[in-house]
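Shown next, in structure tokens, is the structure this report addresses.
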Amino acid sequence: GENVEQHPSTLSVQEGDSAVIKCTYSDSASNYFPWYKQELGKGPQLIIDIRSNVGEKKDQRIAVTLNKTAKHFSLHITETQPEDSAVYFCAAVYGGSQGNLIFGKGTKLSVKP
Amino acid sequence: GAVVSQHPSWVICKSGTSVKIECRSLDFQATTMFWYRQFPKQSLMLMATSNEGSKATYEQGVEKDKFLINHASLTLSTLTVTSAHPEDSSFYICSAIALSGVSNQPQHFGDGTRLSIL
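Residue numbers (this note's numbering), protein chains in the order written: chain E, 1 to 113; chain Y, 1001 to 1118.
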């Protein structure tokens, strides 16, 4: 079945540095890849998403890249701030159906002031 | 926009009772709502998918008689955990996709319900 691998599981950076989280997926039919940020005790919040017809998307300090051939996609956060500290999940739609997502295991990002 | 409200946020109850959790899309109509379960320090596991006016589709291993889902309108879905036991204690999160002609719309999540069964 569909599988999404996410690395690293934990990431600690200094404020102002960049953070990169990488994911791979197995279903070549997947064509939608959202990223979510989850703070403690809250639900996941969509921060950026990318569709398979583009290779890169940027929104201020956040960018996502997609390599469909290699089935890799990555989240890049530049100029990190303490409030970026949270758990980040990548996801991929699977089964060709609209909306059904499979999530990576998450990356706990800690930004040290 | 795209706000999903989940209620209650925290429930503590005795073993054997049934608990109902509500999920509402506040500013959009939702074609599909999803229910997830999340254990501490783990990822989200999909329990079921519900479409308005039809029966929910449950993931393998999820007991449909244990986790009753009702999706009565385009803005409301409910999850009832029947005869809850301590092993049902978890963080339950719903999400919704907006009614749209565009494929691959994002899921918008509620803030979850922490269920503790004593």
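We treat Cβ as the ideally placed atom computed from N, Cα and C, and that holds for glycine.
Model, not experiment: these values are computed from the prediction.
- Note: K58 (chain E) is bridge-paired with E:A63 in the DSSP secondary-structure output.
- Identification of residues in the segment 33 to 63 of chain E having a C-beta nearer than 8 Å to some C-beta of chain Y yields P34, Y36, G41, K42, G43, P44, Q45, L46, D49 and R51, given in sequence order.
- Between G1001 (chain Y) and S1083 (chain Y), the CB-CB gap reaches or exceeds 8 Å.
- When beta bridges are read from the DSSP output, V1062 (chain Y) appears opposite no residue.
- Among the residues facing chain Y, L66 (chain E) is not included, as its CB has no counterpart in that chain under 8 Å away.
- With respect to chain E, the C-beta atom of L1044 (chain Y) has a partner C-beta closer than 8 Å.
- Shown here for D49 (chain E): same chain residues with a beta carbon closer than 6 Å to its own, the five before and five after excluded, namely P34 in chain order.
- Non-local beta-carbon contacts of P113 (chain E) in its own chain, meaning distances under 6 Å to residues more than five positions away in sequence, involve E15 and P82 in chain order.
- The residue among Y:S1089, Y:S1077 and Y:V1081 with its C-alpha nearest the C-alpha of V1004 (chain Y) is Y:S1077.
- Residues of chain E with a Cβ closer than 7 Å to the Cβ of T1049 (chain Y) are, in chain order, N100.
- Within chain E, no C-beta atom comes less than 9 Å from the C-beta of I1012 (chain Y); the nearest is roughly 15 Å away.
- Taken atom to atom, the span from the alpha-carbon of D27 (chain E) to that of M1033 (chain Y) is near 23 Å.
- Beta-bridge annotation (DSSP): H1071 (chain Y) is not paired with any residue.
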